[in-house]
Amino acid sequence: MREKEKILKGLLFDGVITLQWSYQLIIIEGRKVDGIGLCYLNQSNTFFTCARTLYYMHNYDLDQELKSFFFAFSRYNHELLNYIRKEKSVTTDVSSAYTAFMSESKEILKWVETDLTDRAYN
3 MREKEKILKG LLFDGVITLQ WSYQLIIIEG RKVDGIGLCY LNQSNTFFTC
53 ARTLYYMHNY DLDQELKSFF FAFSRYNHEL LNYIRKEKSV TTDVSSAYTA
103 FMSESKEILK WVETDLTDRA YN
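In terms of my numbering, the sequence shown opens at residue 3 and continues consecutively.
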């Protein structure tokens, strides 16, 4: 169980990092046409899908927090894709979903950091 929990934490950490890159590139830098931000979003979605699979296969201490975390990611993913698909110029819905996701992530990231303090991305 301990090894699977460590894998789950790594997937969650990597998912959050790539989600932040998608937001940075698409919303902050306005690069929604070159596809790089979407690649990061896709990568984040893959990490979270794998993490969700592990979550449903095993019991973890942060049950409700993980459910809220995955829901917040789904909302962000939906809003960002909707923003790109409809070629909107207003980013309010995406920014709101991103803020909600980051808020939901706080407890999860504290839990994750207990094992991943040596991991870093530049």
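Ideal Cβ positions, reconstructed from N, Cα and C, are used throughout, including at glycine. The structure displayed is predicted, hence computed values, not measured ones.
Between the alpha carbons of L111 and L13 lies a distance of about 11 Å. Minimum Cα-Cα distance from N47 among the listed residues H60, Q22, I29 corresponds to Q22.
CA-CA distance, A53 to L10, rounds to 5 Å.
Collapsing the DSSP output to three states places D16 in a helix. It is roughly 21 Å from the alpha-carbon of H60 to the alpha-carbon of A74.
For the set R87, Y58, F50, the Cα lying nearest the Cα of F72 is the one of F50. Spanning the alpha carbons of H80 and L56 requires a straight line of approximately 22 Å. Rounded to whole angstroms, the gap between the alpha carbons of L64 and K108 is 12 Å.
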